[in-house]
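Same order as they appear, the protein sequences are chains A and B. Residue 296 in full-length UniProt numbering sits at position 296 of the first sequence, with consecutive numbering throughout. Residue 300 in full-length UniProt numbering sits at position 300 of the second sequence, with consecutive numbering throughout. Glycine included, every Cβ here is placed at the ideal spot set by N, Cα and C. Note that the structure is predicted; figures quoted are calculated from it, not measured. Structure first, commentary second.
2 protein chains.
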Amino acid sequence: GGGRAPLAPTPYNYDRRLGELGGGTQASQRLLAYSDALFSIIATVMILPVAHTKIHSDEKLGESVQQLLATKIAVYLMTFLIVTVAWAAHVRLFQVVELIDDVLALANLACMMSITFLPYTFSLMASFPNQPFGLFMFSSCTVIIGVIQVMIVLYGFRHSYLLNHQIQESENKAFYKYHILKIILRGPTLSFLAAIFSFFFFPLSYMFLGLIVIFPLLSHLTKWFRSRILGQEEELPVDYFTSYLKEPLSKERVETFSDGVYAIVATLLILDICEDNVPDNNVVKEKYSGHLAEALREFGSSFLAYFGSFVTIGLLWFVHHSLFLQVTKATRLMTLLNTLSLAFIGGLPLAYQLTSEFAEKSYNEIEAIQISCVTIFFASIFQFSIWIAALFHEVETLHPFARYGGKEHAFMFAKLSLYPCVSLAVFCLTCVMSELSTTIFHLTQIIIPFAFLVLRIFVRIGLMMLNYIMSLARSKSNVLEEEEAACLSPADVLS
Amino acid sequence: GGGRAPLAPTPYNYDRRLGELGGGTQASQRLLAYSDALFSIIATVMILPVAHTKIHSDEKLGESVQQLLATKIAVYLMTFLIVTVAWAAHVRLFQVVELIDDVLALANLACMMSITFLPYTFSLMASFPNQPFGLFMFSSCTVIIGVIQVMIVLYGFRHSYLLNHQIQESENKAFYKYHILKIILRGPTLSFLAAIFSFFFFPLSYMFLGLIVIFPLLSHLTKWFRSRILGQEEELPVDYFTSYLKEPLSKERVETFSDGVYAIVATLLILDICEDNVPDNNVVKEKYSGHLAEALREFGSSFLAYFGSFVTIGLLWFVHHSLFLQVTKATRLMTLLNTLSLAFIGGLPLAYQLTSEFAEKSYNEIEAIQISCVTIFFASIFQFSIWIAALFHEVETLHPFARYGGKEHAFMFAKLSLYPCVSLAVFCLTCVMSELSTTIFHLTQIIIPFAFLVLRIFVRIGLMMLNYIMSLARSKSNVLEEEEAACLSPADVLS
């Protein structure tokens with residue numbers, strides 16, 4: 001636990017502060033965990049209309065997928081990214097306002113309720129792209145969210161015992177107040193502009209929406225550019241807490257948010273298997289003369305698809321979990337890569353739906369497998385790149401075990417590269433072979449956990465062999481040196 | 001933090017132990033939180049088929065609800081209770097096996113995957129009550145779960161550094177091993193018996209299923225009966241850890257499980273509003289001549305229903321959160337009451353569906369409101385009874401602030417009794433008035449947060465008035481005493 005940020009309040013002080021403040025003031029952990037769960041649900045929920053789009057078996061998947069891509073997937077991705085931005089602002093806000101009371105808890109719930117409405121406004125925007133009404137609703141939602149969050153900040157600074165104690169003791173409270181207000185009001189302002197421009201010129205308003213997603217990244221890049229290239233430093237009050245503002249999002253909340261996404265994806269699968277795969281009583285009586293087991297055989301392929309997809313999600317969570325156990329601090333870049341990985345994780349219900357629907361040697365079987373592979377590949381390659389990004393600053397971001405040369409390094413590398421390799425290999429197979437059944441695909445998915453179990457052994461054998469080869473090479477070079485020495489020595493003698 | 005159980009390992013020791021053990025061994029918090037999320041999803045998911053049952057507006061709700069009650073609600077409740085029992089066994093298991101490694105993490109995921117299948121087997125059992133196949137699948141599921149959990153225990157006791165360190169140091173390891181195996185194998189054994197009897201005599205096998213749910217309660221009652229009435233004590237090894245076995249479930253995991261249920265109920269609402277309430281493009285063009293805002297007015301009542309239901313769930317979570325902030329330890333009875341409360345919380349999507357469907361003065365409007373009131377009433381009255389149960393052992397279960405006479409006591413009381421009172425009042429109103437629109441009902445739901453905000457003021461005024469009356473009464477009695485004294489004194493003088 002030596003890698004924790006030294007600025008975080010220690011539990012002991014925390015409890016003592018609460019004890020002094022009395023029962024009305026509360027620690028915020030559980031509220032934040034619940035908010036994170038809701039945020040991840042709201043971010044992922046729009047994959048459902050995508051997954052539930054009915055595609056007829058006789059239709060060619062390629063074209064209908066193109067139509068999907070045009071609207072529903074765009075809605076899903078846009079929702080995911082915008083909700084993630086709102087989540088990041090929420091994290092920042094509650095890094096400043098550390099304790100809550102009943103008023104703040106209720107205000108936060110009101111804020112969450114407004115956020116739940118965002119996916120709906122996006123569906124409206126996608127279904128009626130030529131009407132300004134969807135955009136108008138979206139921007140009024142964000143304005144309401146902004147107003148509530150501003151109220152939370154003002155309330156927090158009025159009752160300053162609720163604030164982070166380093167801000168409390170700071171002389172530059174006003175600076176922090178405006179800094180956090182700036183972060184919070186960025187989104188609402190941009191969407192307000194978007195709503196205004198929607199009456200004049202549409203493309204510009206969509207550009208503003210895009211800007212909401214890119215803005216944090218953009219401002220970070222310009223800052224980096226200024227400090228690295230031009231050598232200018234931002235003017236911040238010289239204060240102990242200043243470094244806190246530059247700190248990335250807290251690792252705990254990144255974990256809870258990610259867990260939420262993985263759990264909601266698992267939920268969507270469970271919902272699907274429970275609702276759609278119970279045979280009708282009359283059908284069983286007439287068609288299978290009452291034999292339930294035979295009737296269920298019809299659903300065999302979708303059970304297999306369910307198990308395959310569930311195993312994949314479980315293992316991707318497992319890899320994420322293993323990775324974040326070794327991470328001590330999540331930088332901005334790592335958080336961004338994590339968000340991208342999660343966006344593809346959210347796409348897995350679509351992959352499940354496609355592979356379970358086009359199981360029986362239909363026209364689109366290969367396409368369904370390919371889409372699944374692509375989704376899994378991107379989800380896992382972004383996980384892998386979190387690891388790469390962490391390795392660049394390994395001293396501050398990773399536990400010693402996982403750093404280069406640590407005893408877990410090679411194993412972590414193998415764990416993270418398993419899914420990208422397998423999904424890429426299967427994708428290549430589908431290109432070469434014209435027939436690859438979904439059954440084989442799902443069986444591959446189910447076998448992979450065993451690969452994880454034997455991975456440690458493989459890595460150990462691999463390392464041993466590497467050591468052996470290295471030592472062989474070294475001993476050979478030693479022999480050569482000795483030979484050289486042997487060759488030289490007579491000469492020495494001769495000379 | 002003085003109220004924490006003294007047996008829990010302190011974070012410092014924990015980290016040090018992990019440091020000594022190396023990277024393969026991991027803290028289990030995040031795995032357990034993820035498992036809790038999945039457990040709560042699996043427990044709540046079967047409300048969806050209930051909520052999605054189509055009821056025609058011209059049909060009388062009373063009869064169709066009876067049919068619902070007969071099968072789908074029974075499936076939901078049975079799933080909820082059995083999954084909760086499985087969750088409790090899981091909590092017990094990971095109180096003994098405290099640290100995990102990759103093998104255990106994967107085994108746990110396999111276990112979770114088998115548990116996700118339980119709701120499906122229940123649907124089969126409910127749809128085909130006369131065929132033994134559903135029961136057979138259910139019991140094979142539980143047997144698989146049991147086998148995996150036994151493997152986890154055996155693995156844990158083989159690699160004893162993974163165990164709770166008090167068990168590690170104990171001389172009676174074998175006792176703990178058999179104790180935890182007994183808890184784990186209870187469910188699978190009973191369901192195995194149920195599967196066997198399903199071939200001979202059905203009612204007996206359903207009785208066995210019921211026994212799975214009641215067994216923990218039953219064994220606890222008999223133990224209590226034996227110790228209190230007959231004075232017999234169980235023979236346990238005299239050991240420091242013994243008290244740990246009698247300890248209730250950890251409060252943290254009860255909280256995570258509850259949060260999961262509240263979050264999944266919110267999800268089901270969000271899913272519903274996002275999928276069903278986007279108007280069709282062609283309909284808008286033809287019917288409303290392209291005016292989106294007018295087309296949306298049609299959905300007005302379901303937006304209102306959504307906001308009303310979301311506010312209700314949010315506030316019930318808020319009450320739960322406030323209550324558990326004051327709770328230091330959750331006893332068995334409190335956990336049981338919490339489970340019952342959550343079972344009714346899970347019923348809220350049904351209430352939402354009914355009130356949003358029968359909005360427009362249809363035949364069943366009153367019935368829909370009544371069902372909502374009953375659901376909310378039971379959810380909140382069980383929350384209230386958690387508080388009552390806690391007050392019986394207030395010294396060990398509650399923070400000093402919330403105990404009788406503490407400064408938060410009256411306010412907590414008011415918070416917890418708000419929802420039972422309001423829902424009961426609305427229910428009575430529906431009985432008296434023949435017409436009460438869902439609009440008014442939802443507006444009531446939306447107003448309640450403000451009631452919470454002013455509650456503190458009301459409680460303060462109430463307490464002040466109480467004090468005033470008490471002091472008046474006291475001063476009156478003082479006056480009387482003085483008068484008596486005054487009456488007496490002349491007599492004294494006279495005597």
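Thinking C-beta only, is D36/A closer than 7 Å to T256/A? yes
Report all residues from its chain with a CB closer than 7 Å to the CB of residue 498/A; omit the five preceding and five following residues, and keep chain order. Because chain A is modelled from 1 through 495, residue 498/A falls outside the range shown and cannot be assessed.
Which of the residues in the stretch 30-45 of chain B, read from start to end, lie with their CB under 8 Å from any CB of chain A? R30, L31, A33, Y34, A37, L38, I41, I42 and V45
Using a C-beta cutoff of 7 Å, does N281/A count as contacting chain B? yes
Residues in the same chain with beta-carbon distance under 7 Å from V327/B, minus the five sequence neighbours each way, listed in chain order, please. K251, A390, T397 and L398
On the premise that V459/A lies in contact with F411/A, defined as a C-beta separation below 8 Å, what is that separation, rounded to the nearest angstrom? 5 Å
Spatial neighbours of E408/A in its chain, beta-carbon cut-off 6 Å, leaving aside the 5 residues before and after: F401 and A402
Would H90/A be called buried (16 or more neighbouring beta carbons within 10 Å of its own) or exposed? buried
From L292/B to S309/A, what does the alpha carbon distance come to, in whole angstroms? 39 Å
Would you mind sorting T219/B into buried or exposed? The rule is 16 or more other CB atoms within 10 Å of its CB. Before going on, a small fix: residue 219/B reads as Ser here, not Thr. Classification of S219/B: exposed, given that the 10 Å Cβ count is below 16.
Straight-line Cα distance separating R297/A from S28/B: 38 Å
Looking at chain A, is there any beta carbon in it that lies within less than 7 Å of the beta carbon of S198/B? no
Chain-ordered chain A contacts of residue 506/B [CB-CB under 7 Å]: Outside the shown range of chain B (1 to 495) lies residue 506/B, about which nothing can therefore be said.
Any idea if N282/B is buried or exposed, counting beta-carbon neighbours within 10 angstroms, 16 or more meaning buried? exposed
Do you know offhand how far Q370/B's Cα is from Y178/B's? 49 Å
Proximity test, Cβ basis, 7 Å: Y120/A and chain B: yes
With a cut-off of 7 Å, does the C-beta of H321/A fall near any C-beta of chain B? yes
Rounded to the nearest angstrom, what separates F307/B and K415/B at their Cα positions? 21 Å
If the cut-off is 8 Å on Cβ atoms, which residues from the stretch 349-379 of chain B count as contacting chain A, listed in chain order? none
For S477/A, count neighbouring Cβ atoms within 10 angstroms of its own Cβ and tell me buried if that reaches 16, exposed if not. exposed
For S477/B, would you say it is in contact with chain A, using Cβ-to-Cβ distances shorter than 7 Å as the test? no
Does any C-beta atom of chain A lie closer than 7 Å to the C-beta of A105/B? yes
Out of curiosity, what's the CA-to-CA distance linking G462/A and R456/A? 10 Å
In this structure, does DSSP put V97/A in helix, strand or coil? strand
For N282/A, the first and last residue of its enclosing alpha helix (DSSP H): N281 to K287
In this structure, how does DSSP classify S477/A when only helix, strand and coil are distinguished? helix
Excluding the 5 residues flanking V254/B on each side, which residues of the same chain have their C-beta closer than 7 Å to its C-beta? A330, T335 and N338
Within the same chain, show all residues whose beta-carbon is closer than 7 Å to that of A107/A, passing over the 5 residues directly before and after it, in chain order. I148, M151 and I152
Less than 7 Å between CB atoms is the rule here; does L217/B satisfy it with respect to chain A? no
Go through the stretch 270-351 of chain A residue by residue and report every complete run of the beta strand (DSSP E) that reaches 3 residues or more, in order. none
From L38/A, H320/A, F157/A and F39/A, pick the residue whose C-alpha is nearest to that of N172/A; which is it? F157/A
Would you say F128/A lies against chain B (beta-carbon separation less than 7 Å)? yes
Using DSSP's beta-bridge definition, name the partner residues of A27/A. L99/A
With distance defined between alpha-carbon atoms, name the residue in N364/A, T25/A and S40/A nearest to G260/B. S40/A
Kindly identify the DSSP beta-bridge partner or partners of L32/B. In the DSSP output, where bridge partners are listed per residue, L32/B has none listed.
For G314/B, return the contacting residues in chain A, with the cut-off set at a CB-CB distance below 9 Å. L106, L109, A110, M112 and M113
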